[in-house]
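A.B. asks: For reference, the structure I am asking about is given below.
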Amino acid sequence: MTTQIAARDAPARIVGLDGIRGLAALYVVLYHIFLRAWPGGAAAHAPLWAAWLDNGRAAVIVFIAVSGFSLAISPARSGWRFASIREYARRRAWRILPPYWAALGFSLLMVWFVLAQPGWAVPDGKSVVVYGLLVQDAVETGSPNRAFWSIAIEAQLYILLPVLLLIVRQFSAIAMAALVAAIVATIGLLAPHFSWANDALVKFTPDLAVLFAVGVLAAGIVSASERVRSQPWGWFALAAVVPVIVLISIKGEAWSNANLFWVDLASAPAIGCILAAIATSRPRIVVRILNTRPLRSLGSFSYSLYLTHLPIVIAVAYGLVLPGVPTGTPTFLVLVAILVPTTIVFARLFAAVFELPFQRHRSWNSLVRAITRRPQQLMAPTDELRPVKTPGRT
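In this text, residue positions in the sequence shown follow this note's numbering: the first is 1, and each later residue adds one.
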C-alpha cells in the first residue's frame, strides 16, 4: 500500500533533472574550450583552477545515467512496463532524430565551408551515411562532429532498455544492474587478453551501459516505499564519490585517461545515489539551485547545446583566437568570453526550430497545427509552458 501511494503522489516531472542536464552540457562546452587553450600534453600544466575541466567524460556518463533514469521513471510507476514498446520507440525517434540530423547537417556545413579541425579527417559521403544511421561507433570514417560519438551509443541503449525492464520484472532492478555490471566488467577484464574484448571497449564503450542501467535502477525510487525514499541518498552519493576523486587525484590525469573504463564503473554508484537524492528532493538547497529558472531553461535545450557547440568552438578557436592569442590562460579566458554566450544563444535558436517543437508535439499533425496556430508557444522553452512543482511539495 505504501508503495502504491508513493507512486501515485510522486510528481510527473522530477524537479532538478533539467538543471543537471544544463550543467552537464555547459561543462562539455568548457571542456572543449579547455582542450583548445591547453592542447595535447599542455593540459597537464593547466592551473589548478582550470584543471577540473579536463574531464569531459564525466559529463557524458552523467548524461547517460540521467537518460536511463528519465526513460525508466514511467515504467517504474507502472510495474516496470511500457504501455507500448512501439510507442516508446516512435517517441524516442521523434524526440532524438530531428535535432540530431539537423545538427549533423550544420556540422557538415561548418566543416566543409567554414573551418575543419586541423589534423582530423574531413568527412565525406560515407560519413554522411554512417553518422546519419547512428553507427559511427561501429564504422570508422571522418567525423563531422566529435561530440556525436556518444549519441550512437545512447541510441543503442534505447534499444536495450526493454530488455533491461524485462529482467527487472523477472528478478529485480538490483539484479538487472548487477548483471549488466558483471557482463561489462568481464569484458574489461578480458580486454588485455582477447582482441574482440578490446575492440568492444574501444568501439562500443560498454561501461556506459552500466551507467544507463544504474540510471534505470535509480528510477525505482519514484515507486519505492517511504523507508527507501527517506534514506540519506545524498550522503550515500558523497561516500561513493570521495574514493573515486581521491584515487584520480593520487594516480593523476594520465592514469585516469588510460583507465576511463574502470573510472566510469567506479563512478556509477555515486551517480545513481545522486539521482535518487534529487528525485526525493534532497538536499533541498541543491534541488532549489538546480530548479532555478536559468538552469531549467538551459536544461530544456541542453541536447541542442551538446549537438551544436563543437563546430562553433573549432571555428572560433582556430579561425579567430589561437592565431593571435597565446595558448593557456589568455586563450581560455578569451574563448570563454566569446564561446559560452555564442554557443548558448545559437543552441537556443537551434532548439526553437529543431528540438523544442518535437518535445511538445508528438506527431506531424500536432506540429503542423501548432505552427499555423501558435508559433510563439511552439518555440518557447518547455518549462515556460508547464507548471513546476516545488521541491518538498510532492
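Heads up, the beta-carbon is just placed ideally off N, CA and C, and yes, glycines get one too.
What residue does the alpha helix (DSSP H) around Q170 start on, and which one ends it?
C.D. replies: Walking along the sequence shown from the start, residue 170 turns up at place 170. Q170 -> alpha helix (DSSP H) spans 149 to 170.
A.B. asks: Is L290 helix, strand or coil when you go by DSSP?
C.D. replies: Position 290 of the sequence shown, counting from 1, holds the residue named residue 290. Of the three classes helix, strand and coil, the one that applies to L290 here is helix, per DSSP.
A.B. asks: Where does L189 sit, in a helix, a strand or coil, going by DSSP?
C.D. replies: In the sequence shown, the residue the question calls residue 189 occupies position 189. Reduced to three states, the DSSP call for L189 is helix.
A.B. asks: Just to confirm my understanding: we take P144, look at its own chain, exclude 5 residues before and 5 after, and list those with CB closer than 7 angstroms. What are they?
C.D. replies: Position 144 of the sequence shown holds residue 144. Contacts found: L104, S107, L108, V111, P123, S127, Y131.
A.B. asks: Out of curiosity, what's the CA-to-CA distance linking Q4 and G215?
C.D. replies: In the sequence shown, the residue the question calls residue 4 occupies position 4. In the sequence shown, the residue the question calls residue 215 occupies position 215. Only weak support is given to the placement of Q4: the predicted model assigns it a pLDDT of 39, under 50, and the question is left unresolved by the model.
A.B. asks: Have a look at V28 and S300 and give me their C-alpha separation to the nearest angstrom.
C.D. replies: Within the sequence shown, residue 28 is the residue found at index 28, counting from 1. Within the sequence shown, residue 300 is the residue found at index 300, counting from 1. Rounded to whole angstroms, V28 to S300 spans 16 angstroms at the Cα level.
A.B. asks: Excluding sequence positions up to five away, which residues of its chain have a Cβ less than 6 angstroms from the Cβ of A218?
C.D. replies: The residue labelled residue 218 in the question sits at position 218 within the sequence shown. Within the same chain, A218 has close Cβ partners F69, G272, L275, A276.
A.B. asks: List the endpoints of the continuous alpha helix (DSSP H) containing P243.
C.D. replies: Within the sequence shown, the letter at position 243 stands for residue 243. Start and end: 233 to 251.
A.B. asks: Taking the continuous alpha helix (DSSP H) assigned at A403, which residues delimit it?
C.D. replies: Shown here, the chain extends from 1 to 394; a query on residue 403 therefore has no answer.
A.B. asks: Does the Cβ of P118 have 16 or more other Cβ atoms within 10 Å, making it buried, or fewer, making it exposed?
C.D. replies: For the purposes of this step, residue 118 is taken as the residue at position 118 of the sequence shown. Flag for P118 reads exposed.
A.B. asks: For G16, collect the residues of the same chain with a Cβ closer than 7 angstroms to its Cβ; drop the 5 residues on either side in sequence, then sort them by chain order.
C.D. replies: Mapped onto the sequence shown, residue 16 falls at position 16. Cβ within range, chain order: I278, V287, L290, N291.
A.B. asks: Work out the CA separation of A200 and R227 for me, nearest whole Å.
C.D. replies: Taking the sequence shown and counting its residues from 1, one reaches residue 227 at position 227. Taking the sequence shown and counting its residues from 1, one reaches residue 200 at position 200. Each residue's Cα considered, the two are about 40 angstroms apart.
A.B. asks: Using 8 angstroms for Cβ pairs, my map puts S297 next to A347. What's the rounded Cβ distance?
C.D. replies: Your numbering for residue 297 matches position 297 in the sequence shown. Your numbering for residue 347 matches position 347 in the sequence shown. Rounded, the Cβ-Cβ distance is 11 angstroms, inconsistent with contact.
A.B. asks: Go through its chain and collect everything with a Cβ distance to I167's Cβ below 8 angstroms, but skip five positions before and after it.
C.D. replies: What you label residue 167 is simply residue 167 of the sequence shown in a count that begins at 1. A175, M176, L179.
A.B. asks: Within a Cβ cutoff of 8 angstroms, which residues of the same chain sit near E355, ignoring the five residues on either side of it in sequence?
C.D. replies: In the sequence shown, residue 355 corresponds to position 355, counting from 1. Cβ neighbours of E355 beyond the five flanking positions: P98, P99, F301, Y303, S304.
A.B. asks: Assign D18 to one of three DSSP states: helix, strand, or coil.
C.D. replies: For the purposes of this step, residue 18 is identified with residue 18 of the sequence shown, where counting begins at 1. In this structure, D18 counts as helix in the three-state DSSP scheme.
A.B. asks: Expressed to the nearest angstrom, what Euclidean distance is found between the alpha-carbon atoms of P75 and S172?
C.D. replies: Mapped onto the sequence shown, residue 75 falls at position 75. Mapped onto the sequence shown, residue 172 falls at position 172. Cα-Cα distance, rounded: 13 angstroms.
A.B. asks: For W94, I'd like the list of residues in its chain whose CB is within less than 7 angstroms of its CB, leaving aside the five on either flank, ordered along the chain.
C.D. replies: Counting from 1 along the sequence shown, the entry for residue 94 is found at position 94. Only F358, R362 meet the Cβ criterion.
A.B. asks: Taking 7 angstroms as the cut-off, decide whether the C-beta atoms of A266 and V244 are in contact.
C.D. replies: Locating residue 266 in the sequence shown gives position 266, counting from the first residue. Locating residue 244 in the sequence shown gives position 244, counting from the first residue. For A266 and V244, yes; Cβs fall inside 7 angstroms.
A.B. asks: Would you mind giving the Cβ-Cβ distance between A197 and L190, rounded to the nearest angstrom? I have them listed as a contact below 8 angstroms.
C.D. replies: The residue given as residue 197 occupies position 197 in the sequence shown. The residue given as residue 190 occupies position 190 in the sequence shown. With a Cβ gap of about 4 angstroms, A197 and L190 count as contacting.
A.B. asks: Do you know offhand how far L320's Cα is from V129's?
C.D. replies: The sequence position of residue 320 within the sequence shown is 320, counting from 1. The sequence position of residue 129 within the sequence shown is 129, counting from 1. Distance between the alpha carbons of L320 and V129 is about 31 angstroms.
A.B. asks: With distances taken between CB atoms, is the gap from A339 to V316 smaller than 7 angstroms?
C.D. replies: Translated into positions along the sequence shown, residue 339 becomes position 339. Translated into positions along the sequence shown, residue 316 becomes position 316. Note that residue 339 corresponds to Leu in the displayed sequence, not to Ala. Going by C-beta atoms, L339 is nearer than 7 angstroms to V316.
A.B. asks: Could you give the residue range of the alpha helix (DSSP H) that holds N198?
C.D. replies: One-based indexing of the sequence shown puts residue 198 at position 198. N198 -> alpha helix (DSSP H) spans 195 to 204.
A.B. asks: DSSP three-state label for F301, please.
C.D. replies: Taking the sequence shown and counting its residues from 1, one reaches residue 301 at position 301. Looking at F301 - three-state DSSP - the assignment turns out to be coil, as it is neither helix nor strand.
A.B. asks: Is S256 helix, strand or coil by DSSP?
C.D. replies: The residue labelled residue 256 in the question sits at position 256 within the sequence shown. It is helical.
A.B. asks: What did DSSP end up calling T308 once you bin it into helix, strand or coil?
C.D. replies: Position 308 of the sequence shown, counted from the first residue, corresponds to residue 308. It is helical.
A.B. asks: By a C-beta neighbour count over all protein chains shown, 10 Å radius and 16 as the cutoff for buried, is H45 buried or exposed?
C.D. replies: The residue labelled residue 45 in the question sits at position 45 within the sequence shown. Flag for H45 reads exposed.
A.B. asks: In or out: G19 buried (at least 16 other Cβ within 10 Å) or exposed?
C.D. replies: Counted from its first residue, the sequence shown places residue 19 at position 19. Buried: at least 16 other Cβ atoms inside 10 Å.
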